[in-house]
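What follows is one structure encoded as structure tokens, with my remarks underneath.
See below:
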């Protein structure tokens, strides 16, 4: 697959001396949904700002579909749409006027049909004559997305798109991202809702303190870093884990009635049947069992902790 | 050249003027009419002519300049400061728009509003005093040049401003006093010799003088000096704007 975005050795040191980015390298493939995760202050928004031209990189280069974003800023910026984190909209303009303005700003001739399609797709058509200040927070978020889509970008940045929006709108946004992806638009998403990234992303990047500490295909990430847990409800509570079982990664609940076995599902040496037989040999009976799998959130938390 | 962007920003700014007609046009028109009633009719009727022109007619170019200078700065500074304040400037900074196109559209819109306002004041003044314009092309040239230059000044103020109060400081505390002391309501020839020399350090004297010459054919300073000062202002403002966009000062982190 061809890269639509190439970030090479990009660093950013603010005038205050704070280093927000440390030599970031990243390639984004055409048509993928990439989730950029990281705790607050990791540098996600700074990186997006540099790519979009809002902030200047201290070192390094960014190319968008082969266009350097400084030397050939017109070509690179015209390919990008940005939905910012903050609800920064004009207050007194109508929805129609502000979305039409955005299209013109990105050097596109007026196209009322396209604007109508965008507004209908975001359930804003009925509000097109409303002034933005009269809209709810969720509706304002939709307006920001409509503005970003007005010039038909090929690379869309969604910086915390569902922060503070209701469940319905979140679901609508997820659907929108799927549709954009189907139409060939590359989407880069930052979010604090890890389930959102798990739901939508093809690849995951994790940032921490200005560095990208991991980039992986989501399925590979879940496979490589994911853990499974087998929980057994015991017939008779245990006071402690028997010494014969210390070779297993086990936890015992406080009341001794539940035994949890955490294992790597990819490790072929591990046999659940063998473990259960071992319990049987020791006379430990159970009345129920269940298995759970690590979520992306568990993996994210462990990754960020691991590197700190 | 991104003409669609220039058109979009220009139309956006002009639409804002249409929404705020009371503040943009009606308010300066009313205050100018009050000047005519007070200075032109009440006080002016008791004053002799200046250079053969009635006092009411004499102050017309100065009043137009007063409005042009303050409104150009207000319009342009607010136009660029407001997106900075609300955060919507992210869109401008991330758009494929050059510094020249940004300046052309914002300053063009602010200057257009000022020129329209100047023409409205001119038409209003014709109701109160007999008017004639001896050099209409020069008059239009001075009007356009001053509106453009001071819109650029406003644009710079808007970028440098860190609060709404900053937007008012230059028009109220610098431009208005310089305009009042720059011969809006009198010829500097009426001042004592020492103050005549001091007045020549006030750049607004040259702008008003040149503009008044285009109306009545007489001036406090030579027309060439007025044109030179107007262009000097323009070039200095352009250089500052160019530096701001080159460095991203107060625009880009």
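Residue numbers (this note's numbering), protein chains in the order written: chain A, 20 to 327; chain B, 175 to 427.
We treat Cβ as the ideally placed atom computed from N, Cα and C, and that holds for glycine.
All figures in this text were calculated on a predicted structure; none of them were measured in a lab.
TODO: To the nearest angstrom, report how far apart residue 383 (chain B) and residue 396 (chain B) are at their CA atoms.
DONE: If you number the second chain from 1, residue 383 (chain B) lands on position 209. If you number the second chain from 1, residue 396 (chain B) lands on position 222. C-alpha of residue 383 (chain B) to C-alpha of residue 396 (chain B): approximately 8 Å in a straight line.
Open item on the list: For a test of your reading of the model: does the CB of residue 208 (chain B) fall under 6 Å from any non-hydrogen atom of the ligand SAM? Yes or no.
Closed with: With respect to the ligand SAM, the structure offers nothing, as it holds no ligand at all.
TODO: Under 8 Å between beta-carbons, which chain A residues line up against residue 179 (chain B)? List them in chain order, please.
DONE: Locating residue 179 (chain B) in the second chain gives position 5, counting from the first residue. The answer, in chain order, is 123, 124, 125 and 126.
Task: Short Cβ contact (7 Å threshold) for residue 276 (chain A) with residue 256 (chain A) - done: Taking the first residue of the first chain as position 1, residue 276 (chain A) is located at position 257. Taking the first residue of the first chain as position 1, residue 256 (chain A) is located at position 237. Yes, these two residues count as a Cβ contact at 7 Å.
Open item on the list: With distance defined between alpha-carbon atoms, name the residue in B:424, B:419, B:210 and B:186 nearest to residue 302 (chain B).
Closed with: Reading the second chain from its first residue, position 128 is the one you call residue 302 (chain B). Measuring from the Cα of residue 302 (chain B), the nearest candidate turns out to be B:210.
Task: When A:33, A:63, A:78 and A:177 are compared against residue 99 (chain A), the one with the closest alpha-carbon - done: The residue given as residue 99 (chain A) occupies position 80 in the first chain. Of the listed residues, the one whose Cα sits closest to residue 99 (chain A) is A:177.
Open item on the list: Looking at the strands, I want to know which residues DSSP matches up with residue 423 (chain B).
Closed with: The residue given as residue 423 (chain B) occupies position 249 in the second chain. In the DSSP output, where bridge partners are listed per residue, residue 423 (chain B) has none listed.
- [ ] Could you have a look at residue 79 (chain A) and say whether DSSP puts it in helix, strand or coil?
- [x] Residue numbering aside, residue 79 (chain A) sits at position 60 when the first chain is read from its first letter. Secondary structure at residue 79 (chain A): strand, using DSSP grouped into helix, strand and coil.
Open item on the list: Pop quiz: residue 125 (chain A) and residue 170 (chain A) are said to be a contact at Cβ under 8 Å. What is the actual Cβ separation, rounded to whole angstroms?
Closed with: Working through the first chain from its first residue, we reach residue 125 (chain A) at position 106. Working through the first chain from its first residue, we reach residue 170 (chain A) at position 151. Indeed, because the Cβ distance is near 3 Å, the residues count as touching under 8 Å.
Open item on the list: Below 8 Å on the Cβ atoms is my contact criterion, and I expect residue 335 (chain A) with residue 47 (chain A) to pass it. Report the Cβ-Cβ distance as a whole number of Å.
Closed with: For residue 335 (chain A) there is no data in the structure shown, the boundaries of chain A being 20 and 327.
TODO: Report the residue from B:423, B:213, B:417 and B:243 whose alpha carbon sits nearest the alpha carbon of residue 345 (chain B).
DONE: Against the second chain, residue 345 (chain B) aligns to sequence position 171. Considering only alpha carbons, the answer is B:243.
Open item on the list: By DSSP's criteria, residue 222 (chain A) is part of a beta bridge. Which residues make up the other side?
Closed with: Reading the first chain from its first residue, position 203 is the one you call residue 222 (chain A). Its beta-bridge partners are A:53 and A:236.
Task: For residue 211 (chain A) and residue 246 (chain B), the rounded distance between their alpha carbons - done: Taking the first residue of the second chain as 1, we reach residue 246 (chain B) at position 72. Taking the first residue of the first chain as 1, we reach residue 211 (chain A) at position 192. Taking the straight line joining both Cα atoms gives about 45 Å.
- [ ] Would you identify the three-state DSSP class for residue 273 (chain A), choosing helix, strand or coil?
- [x] Numbered from its first residue, the first chain carries residue 273 (chain A) at position 254. In the three-state reduction of the DSSP assignment, residue 273 (chain A) falls in the coil class, being assigned neither a helical nor a strand state.
Task: Closest residue to residue 308 (chain A) among A:320, A:278 and A:318 (Cα-Cα distance) - done: The residue given as residue 308 (chain A) occupies position 289 in the first chain. Measuring from the Cα of residue 308 (chain A), the nearest candidate turns out to be A:278.
Task: Residue range of the unbroken beta strand (DSSP E) whose run includes residue 114 (chain A) - done: As a first step, residue 114 (chain A) must be located in the first chain, where it is residue number 95. Note, residue 114 (chain A): premise wrong, no beta strand (DSSP E); alpha helix (DSSP H) at 114-124.
Open item on the list: Assuming the contact rule is C-beta atoms closer than 8 Å, residue 23 (chain A) and residue 174 (chain A) should be a hit. Round their C-beta distance to whole Å, please.
Closed with: As a working note, residue 23 (chain A) is residue 4 in the first chain. As a working note, residue 174 (chain A) is residue 155 in the first chain. Indeed they touch by this definition, with Cβ atoms about 6 Å apart.
Open item on the list: When you compare the CB of residue 176 (chain B) with every CB in chain A, is at least one pair closer than 7 Å?
Closed with: Here residue 176 (chain B) is taken as the residue at index 2 of the second chain, counted from 1. Taking 7 Å as the threshold, the shortest C-beta distance from residue 176 (chain B) to chain A falls below it.
TODO: Report yes or no: is there a C-beta of chain B within less than 7 Å of the C-beta of residue 84 (chain A)?
DONE: Start at 1 with the first residue of the first chain, and residue 84 (chain A) comes out as number 65. Under the 7 Å criterion on CB atoms, residue 84 (chain A) is classed as non-interfacial with respect to chain B.
Open item on the list: Between residue 131 (chain A) and chain B, is any beta-carbon pair separated by less than 7 Å?
Closed with: For the purposes of this step, residue 131 (chain A) is taken as residue 112 along the first chain, with counting starting at 1. So no, residue 131 (chain A) is outside the interface.
Open item on the list: I'd like to confirm the pairing. Which residues does DSSP put opposite residue 291 (chain A) in its beta bridges?
Closed with: One-based indexing of the first chain puts residue 291 (chain A) at position 272. Answer is none; residue 291 (chain A) lacks a bridge partner.
TODO: Starting from residue 96 (chain A), find everything on chain B with Cβ-Cβ shorter than 9 Å and list it in chain order.
DONE: Start at 1 with the first residue of the first chain, and residue 96 (chain A) comes out as number 77. Those within 9 Å of residue 96 (chain A) in chain B are 268, 269, 270 and 271.
Task: CB of residue 195 (chain A) within 7 Å of CB of residue 165 (chain A), strictly - done: In the first chain, residue 195 (chain A) corresponds to position 176, counting from 1. In the first chain, residue 165 (chain A) corresponds to position 146, counting from 1. Against a cut-off of 7 Å, the Cβ pair of residue 165 (chain A) and residue 195 (chain A) comes out as no contact.
TODO: Answer with yes or no whether the minimum CB distance from residue 172 (chain A) to chain B is below 7 Å.
DONE: Residue mapping note: residue 172 (chain A) aligns to position 153 of the first chain, counting from 1. It does not: the Cβ of residue 172 (chain A) has no partner Cβ on chain B nearer than 7 Å.
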